[in-house]
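Novice: This is the structure I want to talk about, given as structure tokens.
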Amino acid sequence: MGLEVQDINTFYGTSHILHGVSLSIADGVTVSVLGRNGVGKSTLLKSVIGINPPHSGNIQFNGIDLANQKTHDRARTGISYVPQGREIIPDITVYENLLVAMRGKGNKNKEIPKFIFDFFPSLKPIQKQKGGTLSGGQQQQLSIARALIQEPTLLLLDEPTEGLQPSVVEEIDDIIKRIRSEKNCSILLVEQNLEFVRAVTQHFAIMDSGRIVEEGEIDMLTDELAGQYLTV
Ligand SMILES: Nc1ncnc2c1ncn2[C@@H]1O[C@H](COP(=O)(O)OP(=O)(O)OP(=O)(O)O)[C@@H](O)[C@H]1O
Ligand SMILES: [Mg+2]
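Take the sequence shown: its position 61, counted from the start at 1, is 60 in numbering that gives the first Met the number 0, and no numbers get skipped.
The following block contains the structure:
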């Protein structure tokens, strides 16, 4: 079970971006996808969540074929997505951002579940603040909270530490470890921060020019490999 991506090809218009990408994620495992800018990491996540579905190949989640499912139906199968650049709604409050995410899953409750403020205590006192007024770190926490409120069994996280200062990166590190251990949730993490990847991941896959060129257990991610394929 888990996620099975098999031999997908994804395009933007006529530009062929992903070339025969395959990747599997077992239940409860965190897998990192690494690679330089523009190699297709975000496109892989968008293929899985259905924002830019592949033209060929297969994607199955827990045995369910996602090919003909729209993005919101994929979310109902238990997949939540945290886009690169957070994309929180700036003009409404933190509380309303969370409520919108709950509605997306069909939950009409008006109360934010307690576990959200257990995972993200710093969001509790700023619930009435507009999304656009938050710091980068707070916005990233809100973005992950919105995904987590949908109680996913697979979380797609696109560069959650991008542009954040080290103390906030450490908070995100703890949150990701807790999501995996306490929420029984697998994570597909796109990252460029090698230290962070090594701290939170069990498996890695390196992409180059729309292909997966190396993969393995995290302790096989050597400095040599990083030097060859990543910006270090
Ligand atoms: N909406 C789009 N329309 C056309 N081309 C796109 C679009 N989005 C991305 N691309 C192109 O697809 C390729 C892969 O982009 P993608 O965003 O997946 O890379 P990435 O590995 O996530 O990069 P980064 O590390 O900068 O986020 C790039 O060449 C990019 O220019
Ligand atoms: Mg990207």
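Using N, Cα and C, we set each Cβ at its ideal position, and we do this for glycine too.
Is S185 closer than 8 Å to L2 when the C-beta atoms are compared?
Specialist: Against a cut-off of 8 Å, the Cβ pair of S185 and L2 comes out as a contact.
Novice: Please specify which runs of the alpha helix (DSSP H), each continuous and at least 4 residues long, are wholly inside the stretch 50 to 123, giving them in chain order.
Specialist: DSSP runs (the alpha helix (DSSP H)) wholly in the stretch 50 to 123: 70 to 75, 93 to 103 and 113 to 118.
Novice: Quick check: does the Cβ of K109 come within less than 7 Å of any heavy atom belonging to ligand 2?
Specialist: No, Cβ of K109 sits at least 7 Å from all heavy atoms of ligand 2.
Novice: Under 8 Å, do L188 and L229 count as touching if we go by C-beta distance?
Specialist: Against a cut-off of 8 Å, the Cβ pair of L229 and L188 comes out as no contact.
Novice: What does the Cβ neighbour count give for T39, buried or exposed, with the cut at 16 atoms within 10 Å?
Specialist: Checking the sequence, you will find Gly at residue 39 rather than Thr. Per the 10 Å Cβ criterion, buried.
Novice: If I'm right that L122 touches Q140 with Cβ under 8 Å, what's the distance once you round it to whole angstroms?
Specialist: 6 Å between Cβ atoms; contact.
Novice: Taking only beta-carbon atoms, is S142 less than 8 Å away from chain E?
Specialist: Looking at the structure shown, chain E is missing, and only one protein chain is on hand.
Novice: So, do the stretch 147 to 160 and the stretch 44 to 63 have three or more beta carbon pairs nearer to each other than 8 Å?
Specialist: Short answer: they touch.
Novice: Is P82 closer than 8 Å to D172 when the C-beta atoms are compared?
Specialist: Contact flag unset, no.
Novice: What are the start and end residues of the beta strand (DSSP E) that includes V32?
Specialist: Run containing V32: T29 to L33, per the beta strand (DSSP E) assignment.
Novice: Inspect the beta-carbon positions of M219 and G34 and report whether they are closer than 8 Å.
Specialist: Cβ distance not < 8 Å, so M219 and G34 don't count as in contact.
Novice: Please return the same chain residues whose Cβ sits closer than 7 Å to the Cβ of F195, not counting the five positions on each side in sequence.
Specialist: Excluding positions up to five away in sequence, the list reads T160, V168 and D172.
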